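The numbering used here puts the sequence shown at residues 4 to 121.
Report on one structure; see the data block that follows.
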Amino acid sequence: GTGGAAPEAGVDFPPWLVSRPMSEGSPLPFGPRAAPGDVCCGALVKYWAVAAGSHAAFVQYATELKTWDHASGVLCVEESGGSVTDAQGDPVRFEGRVVPVDGSVVCTAREAADGTHD
4 GTGGAAPEAG VDFPPWLVSR PMSEGSPLPF GPRAAPGDVC CGALVKYWAV
54 AAGSHAAFVQ YATELKTWDH ASGVLCVEES GGSVTDAQGD PVRFEGRVVP
104 VDGSVVCTAR EAADGTHD
């Protein structure tokens, strides 16, 4: 970015996505001026954006996931070479219809800078 201009996704911070509306108080991992991107639809579209490399990361804030809503997206990210963990860095595994996760699911693209993975 330049001078006092607003930060720009892809220039000043990596483009990223979040699962819930900002009005619900979603954390801002890249700072208060680095808002998430906006894509339509549900989580699968966001997982796909990370798998395809158009976004560096996607954070799904939840304490449990419904397998049918998330397993295919997690698989897409992992098969693309990206990373999917819970907030503590543990793998997300779907062993039932509803799967508990520790705080959130964090997906990062294979192309993401090393700092994004942290």
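All C-beta atoms, glycine included, are put in the ideal place defined by N, C-alpha and C.
Bear in mind that the values here come from a model prediction, so they are computed numbers and not experimental data.
Option in the options with minimal Cα separation from residue i
i, options, result
"S22", "A8, G56, A9 and D72", "D72"
"G84", "A60, R100, E98 and Q91", "A60"
Beta bridge counterpart(s) of residue i as assigned by DSSP
i, result
"E67", "P103"
"V77", "V77 pairs with nothing; no bridge assigned."
"W19", "A60"
Cβ-based neighbour list, residue i, same chain, cut-off 6 Å, excluding 5 preceding and 5 following
i, result
"S75", "none"
Residues near residue i by beta carbon distance below 7 Å, same chain, minus five either side
i, result
"E81", "V87"
Euclidean distance between Cα positions of residue i and residue j
i, j, result
"V53", "D93", "19 Å"
"D105", "C79", "21 Å"
"R96", "P39", "26 Å"
"G56", "E11", "17 Å"
Chain-order list of residues whose beta-carbon lies under 8 Å from that of residue i (same chain, five-residue window excluded)
i, result
"G45", "D72"
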